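Chains as they are written, first to last, in numbering that gives the first Met the number 0: chain P, 0 to 342; chain L, 0 to 342. From the three backbone atoms N, C-alpha and C, an ideal C-beta is built for every residue, glycine too. Predicted model only: the values in this text are computed from it and were never measured. These notes are about the structure you will find just below.
There are 2 protein chains.
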Amino acid sequence: MKLGQATIKDIARELNVSTSTVSRALKDYPGISDETKRKVKELADKLNYRPNAVALSLRKSKSFTIGVIIPEVVHFFFSTVISGVEEVAFANGYNVILCQTNEKFSREKSSVETMLSNQIDGVLVSFSRETTSFDHFKKMIDLEFPIVFFDRIPDLENTINVTVNDYQGAYNAVKHLIDQGFKKIVHLSGPDNLTISKQRKEGYLDALRDSGIKVKPEWIVECPYGTEKESILITTELFKNKENRPDAIFAHHDIVAAGAMMALKALNLKIPEDVGVVGFSNWQFSSMIDPPLSTVAQPGFQIGETATKILLEMISKKTNMESFPQNIVLDTELLIRKSSVKV
Amino acid sequence: MKLGQATIKDIARELNVSTSTVSRALKDYPGISDETKRKVKELADKLNYRPNAVALSLRKSKSFTIGVIIPEVVHFFFSTVISGVEEVAFANGYNVILCQTNEKFSREKSSVETMLSNQIDGVLVSFSRETTSFDHFKKMIDLEFPIVFFDRIPDLENTINVTVNDYQGAYNAVKHLIDQGFKKIVHLSGPDNLTISKQRKEGYLDALRDSGIKVKPEWIVECPYGTEKESILITTELFKNKENRPDAIFAHHDIVAAGAMMALKALNLKIPEDVGVVGFSNWQFSSMIDPPLSTVAQPGFQIGETATKILLEMISKKTNMESFPQNIVLDTELLIRKSSVKV
DNA sequence: TTGTAAGCGTTATCAT
DNA sequence: ATGATAACGCTTACAA
Chain P
0 MKLGQATIKD IARELNVSTS TVSRALKDYP GISDETKRKV KELADKLNYR PNAVALSLRK
60 SKSFTIGVII PEVVHFFFST VISGVEEVAF ANGYNVILCQ TNEKFSREKS SVETMLSNQI
120 DGVLVSFSRE TTSFDHFKKM IDLEFPIVFF DRIPDLENTI NVTVNDYQGA YNAVKHLIDQ
180 GFKKIVHLSG PDNLTISKQR KEGYLDALRD SGIKVKPEWI VECPYGTEKE SILITTELFK
240 NKENRPDAIF AHHDIVAAGA MMALKALNLK IPEDVGVVGF SNWQFSSMID PPLSTVAQPG
300 FQIGETATKI LLEMISKKTN MESFPQNIVL DTELLIRKSS VKV
Chain L
0 MKLGQATIKD IARELNVSTS TVSRALKDYP GISDETKRKV KELADKLNYR PNAVALSLRK
60 SKSFTIGVII PEVVHFFFST VISGVEEVAF ANGYNVILCQ TNEKFSREKS SVETMLSNQI
120 DGVLVSFSRE TTSFDHFKKM IDLEFPIVFF DRIPDLENTI NVTVNDYQGA YNAVKHLIDQ
180 GFKKIVHLSG PDNLTISKQR KEGYLDALRD SGIKVKPEWI VECPYGTEKE SILITTELFK
240 NKENRPDAIF AHHDIVAAGA MMALKALNLK IPEDVGVVGF SNWQFSSMID PPLSTVAQPG
300 FQIGETATKI LLEMISKKTN MESFPQNIVL DTELLIRKSS VKV
């Protein structure tokens, strides 16, 4: 495309051979004289020849590019996943095209269109908060287009998903709070339509139930946006009255937990003496805040790696769809720090 | 590429017209009967026709794709920049291909090759910590390949760069520490080969000089990796002895500052009473740590937006190279929080 | 108003 | 050992 870029044709012309000869020489096909090979390669080198990946894509119906659709890059979790994706993709000669939806359904749909138009070989998806219809993904699946969902997975048949055990992670976190002697544990939950939110809520509920603690409905508050500000407002509301004040928080993720901690401090409540706090995701900052935040760590990098490995396998069709594990569930790890440990 | 994907040929065959007619009808070219247009569009719709972007790329020598080469996605600053890039690219119908170098020179070189092979229309670059030779970029520039550097800019002629005023940001930060009464201010600096590191160091030096403070050589310590751990080690070393102990830290970025704060706390030094701390970049966590960290905020999103806008202009050659501003320098903002304010 | 054909860069197939 | 040709999907002179 760049004016200066040499093509196979240029080499062929200059050497008075055919393009097929050049093509073959460059890839060491049998049946090309060493002499020719040498000349071709030398000239290619000199002209700084670089195969045109676009022409190859067209010819081979394969672009060596995978797409990633995620809500937002700036979320630590997602950027960690991308790192894992990039790593595996790069190691296998694949490029990564990135589309962030900013949690918008419309952007997600157009991202899917773009990706299909661009003949990408497969796609990794974690869908937006707004997404409730999955027709756009269904379409891809029906076309047998390689697609792997991670973190946020859809309610569809025959999808391949990579997640962490959100239920167990939440269960362990809440169990830990109970073990520490906390009894009135509220849950700042995530958007209701996401499976991860449901799973974490279930884990929370079951942990309380298993310990014989009756859950009050007002203990579960949805934080749909998951921002610090939202969390501060909600937490302040929950804790401002002395009577019946809860004594612990299990937050849907660390930003929400951090917001809650700020609100608690503003109310002059001590963490963990008055209120224990556990978050989810182990964001970069979680070990640095005061007190350090206990949290459920998700292996983001590993999620990215795993999802990409599976996707690349699907692409190269080493195996058929049926042989793929439908759901890969990775383990979380409860990191106990000061915010939840009674002294 | 997907077996199921309809092409212009399919439509042509089914409708008994030529492919050119279909092509023209689809894009409302003049000189096509309304009747034909209608039929073509209807069928296209029914077959779920989607133009093959790869074929278009090849034909037009234009891929509507830009590349981004950065050290690491997981850095809050870079992911913020990507957000800005994505936003502008998307709004203009461009895709974003992402390559992270993991701060490796070799990866950077191969990324450049990949991008060139893939006929991307332009590239945004913030190079790796290891990079000291710029031949690979020089090659692109000589080919008049559209390229915009941001944040980390090379020592090359005729490049277009988007940065923040690191010098001024650092100067303001250190001036602020001096105004607060701190006198023995150390600088935990960045990798020496990066312009940003040099600029920040200069700002630091000039601020001290302008206030008549003599800088001791041992006050400047390089933190090449910029990790929390590295910073903890270095800070502990710097502050463990009572005599001649410094009384403030200006860190090259917030992670380093956060590490320093952890080290100070471990030494039982109070922030900001005993030691004032200012960071750089306003990472997400900076307002949440204890005490909240004063820092120099960089407009990451805006850097991404600006760089991408310029790149797209270069691509569409609305203007010629000479008319481009060589250096866009955006302003930083000093965010004063508790970590640097003497009570 | 529509069709024909060439071409973007590459490779696979069939000749020679 | 090498060449000619068609094809991938699409656009665009040029012709009709």
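Same chain, Cβ closer than 8 Å to residue 176(L), neighbours up to 5 away in sequence not counted: Counting from 1 along the second sequence, the entry for residue 176(L) is found at position 177. Around residue 176(L): 184, 247, 249, 275, 277 and 339.
Tell me the start and end of each unbroken beta strand (DSSP E) in the stretch 126–188 of chain P that is at least 3 residues and wholly inside, in chain order. Uninterrupted beta strand (DSSP E) stretches at least 3 residues long and entirely within the stretch 126–188 of chain P occur at 146–149, 159–163 and 184–188, given in chain order.
Can you find a heavy atom of the ligand NAP that lies under 7 Å from the Cβ of residue 52(L)? Absent from the structure shown: the ligand NAP. Ligands present: none.
List the residues of chain L whose Cβ lies closer than 9 Å to the Cβ of residue 75(P), in chain order. The residue you call residue 75(P) lines up with position 76 of the first sequence. Result: 73, 75, 78 and 283.
For chain P, find out if any of its Cβ atoms is closer than 8 Å to the Cβ of residue 267(L); answer yes or no. The count along the second sequence starts at 1 and reaches residue 267(L) at position 268. Not one chain P Cβ lies under 8 Å of residue 267(L).
Check the Cβ-Cβ distances between residue 125(P) and every residue of chain L, and say whether any is below 8 Å. Stepping through the first sequence from its first residue, residue 125(P) is reached at position 126. Between residue 125(P) and chain L, the shortest Cβ-Cβ separation is not below 8 Å.
Does the count of Cβ pairs from the stretch 54–74 of chain L and the stretch 33–42 of chain L closer than 8 Å reach three? In short, these stretches do not touch, since the Cβ pair count stays below three.
Could you name the residues of chain P that residue 50(L) contacts, counting a contact when the two beta carbons are closer than 8 Å? Taking the first residue of the second sequence as position 1, residue 50(L) is located at position 51. Chain P residues near residue 50(L): 116.
Alpha carbon to alpha carbon, what distance is there between residue 117(P) and residue 198(P)? For this step, residue 198(P) is matched to residue 199 along the first sequence. For this step, residue 117(P) is matched to residue 118 along the first sequence. Cα to Cα, residue 198(P) sits roughly 35 Å from residue 117(P).
Quick one, which residues of the stretch 271–295 of chain P are near chain L if we go by CB-CB under 7 Å, in chain order? Under the 7 Å Cβ criterion, the stretch 271–295 of chain P contributes 283, 284, 287, 288 and 289.
Going by the beta-carbon positions, is the gap between residue 365(L) and residue 84(L) smaller than 8 Å? Residue 365(L) lies beyond the range of chain L shown here (0 to 342); nothing can be said about it.
Specify the secondary structure class of residue 325(P) as computed by DSSP and reduced to three states. Working through the first sequence from its first residue, we reach residue 325(P) at position 326. Residue state, collapsed to three classes: coil.
Just to check my reading of the structure: residue 149(P) and residue 160(P) have Cβ atoms closer than 8 Å, yes? What is that Cβ distance to the nearest angstrom? On the first sequence, position 150 is the one that residue 149(P) refers to. On the first sequence, position 161 is the one that residue 160(P) refers to. Correct: roughly 7 Å between the Cβ atoms.
Excluding five sequence neighbours on each side, which residues of the same chain lie with their C-beta closer than 8 Å to the C-beta of residue 228(P)? Translated into positions along the first sequence, residue 228(P) becomes position 229. Non-local C-beta neighbours of residue 228(P) in its own chain, meaning closer than 8 Å and more than five positions away in sequence, comprise 258, ordered along the chain.
Exposed unless 16 or more other CB atoms sit within 10 angstroms - verdict on residue 8(P): Locating residue 8(P) in the first sequence gives position 9, counting from the first residue. The residue in question, residue 8(P), is exposed, as its Cβ has fewer than 16 Cβ neighbours within 10 Å.
Assess, as a yes-or-no matter, whether the stretch 304–319 of chain L is touched by the stretch 86–101 of chain L under the definition of 3 or more beta carbon pairs within less than 8 Å. The stretch 86–101 of chain L, when compared against the stretch 304–319 of chain L, does touch it at the 8 Å Cβ threshold.
Name, please, each residue of chain P whose Cβ falls closer than 7 Å to the Cβ of residue 131(L). Against the second sequence, residue 131(L) aligns to sequence position 132. Going along chain P, no residue has its Cβ under 7 Å from residue 131(L), so there is no contact; the nearest lies around 22 Å.
Measure the Cβ-Cβ separation of residue 218(L) and residue 245(L) and say whether it is below 8 Å. For the purposes of this step, residue 218(L) is taken as residue 219 along the second sequence, with counting starting at 1. For the purposes of this step, residue 245(L) is taken as residue 246 along the second sequence, with counting starting at 1. Cβ atoms of residue 218(L) and residue 245(L): closer than 8 Å.
Own chain partners of residue 206(P) with C-beta closer than 6 Å, once the 5 adjacent residues on each side are dropped: Counting from 1 along the first sequence, the entry for residue 206(P) is found at position 207. Excluding sequence positions up to five before and after residue 206(P), its CB lies within less than 6 Å of the CB of 170, 173 and 174, all in the same chain and listed in chain order.
Determine whether the beta carbon atoms of residue 119(L) and residue 188(L) lie at a separation below 8 Å. By 1-based counting over the second sequence, the position of residue 119(L) is 120. By 1-based counting over the second sequence, the position of residue 188(L) is 189. No, the Cβ-Cβ distance between residue 119(L) and residue 188(L) is not below 8 Å.
Going by DSSP in three states, residue 111(L) sits in which element: helix, strand or coil? Translated into the one-based positions of the second sequence, residue 111(L) becomes position 112. Of the three classes helix, strand and coil, the one that applies to residue 111(L) here is helix, per DSSP.
Looking at C-alpha atoms only, which residue of 237(P), 151(P) and 213(P) is the closest neighbour of residue 192(P)? For the purposes of this step, residue 192(P) is taken as the residue at position 193 of the first sequence. Looking from the CA of residue 192(P), the closest CA among 237(P), 151(P) and 213(P) belongs to 151(P).
Please classify residue 293(P): does DSSP put it in a helix, a strand, or coil? Counted from its first residue, the first sequence places residue 293(P) at position 294. The answer is strand: DSSP assigns residue 293(P) an E or B state.
At which residue ranges does the stretch 235–283 of chain P contain complete alpha helix (DSSP H) runs of 4 or more residues, listed in the order of the chain? Given a length threshold of 4 residues, each whole run of the alpha helix (DSSP H) inside the stretch 235–283 of chain P is given here in chain order: 253–265.
If you draw a straight line from the C-alpha of residue 309(L) to the C-alpha of residue 124(P), how long is it? Here residue 309(L) is taken as the residue at index 310 of the second sequence, counted from 1. Here residue 124(P) is taken as the residue at index 125 of the first sequence, counted from 1. Distance between the alpha carbons of residue 309(L) and residue 124(P) is about 30 Å.
Per-residue burial, residue 110(P) [other beta carbons within 10 Å of its own, 16 or more giving buried]: Residue 110(P) sits at position 111 when you count from the first residue of the first sequence. Taking every protein chain shown into account, the CB of residue 110(P) has 16 or more other CB atoms within 10 angstroms, so this residue is buried.
Would you mind sorting residue 12(P) into buried or exposed? The rule is 16 or more other CB atoms within 10 Å of its CB. On the first sequence, position 13 is the one that residue 12(P) refers to. Under this definition residue 12(P) is an exposed residue.
Assuming the contact rule is C-beta atoms closer than 8 Å, residue 168(L) and residue 331(L) should be a hit. Round their C-beta distance to whole Å, please. For the purposes of this step, residue 168(L) is identified with residue 169 of the second sequence, where counting begins at 1. For the purposes of this step, residue 331(L) is identified with residue 332 of the second sequence, where counting begins at 1. Contact holds; Cβ gap of about 4 Å.
Would you call the stretch 46–63 of chain L and the stretch 255–271 of chain L touching, i.e. three or more CB-CB distances under 8 Å? Touching, no.
How would you write the range of the beta strand (DSSP E) that residue 99(P) sits in, first residue to last? Along the first sequence, one-based indexing puts residue 99(P) at 100. Looking at the DSSP string, the run of the beta strand (DSSP E) that includes residue 99(P) is 94–99.
C-beta contact flag for residue 53(P) and residue 56(L) at 8 Å: The count along the first sequence starts at 1 and reaches residue 53(P) at position 54. The count along the second sequence starts at 1 and reaches residue 56(L) at position 57. Between residue 53(P) and residue 56(L), the C-beta gap is smaller than 8 Å, which places the two residues in contact.
Using a 10 Å radius around the Cβ and a threshold of 16 neighbouring Cβ atoms, would you call residue 225(P) buried or exposed? Stepping through the first sequence from its first residue, residue 225(P) is reached at position 226. In summary, residue 225(P) is buried, with 16 or more beta-carbon neighbours lying within 10 Å of its beta-carbon over all protein chains present.
Does the separation of the CB atoms of residue 335(L) and residue 285(L) fall below 8 Å? Locating residue 335(L) in the second sequence gives position 336, where the first residue counts as 1. Locating residue 285(L) in the second sequence gives position 286, where the first residue counts as 1. One thing to note: residue 335(L) has its Cβ no nearer than 8 Å to the Cβ of residue 285(L).
Coil, strand or helix - residue 64(L) by DSSP: Position 65 of the second sequence, counting from 1, holds the residue named residue 64(L). Here residue 64(L) sits in strand by DSSP.
So is residue 62(P) in contact with chain L if we call contact Cβ pairs under 8 Å? Numbered from its first residue, the first sequence carries residue 62(P) at position 63. Closer than 8 Å to some Cβ of chain L, the Cβ of residue 62(P) qualifies, so yes.
Distance check for residue 195(L) and residue 343(L), CA to CA, integer angstroms please. This structure does not reach residue 343(L), given that chain L is present from 0 up to 342, and the question cannot be answered.
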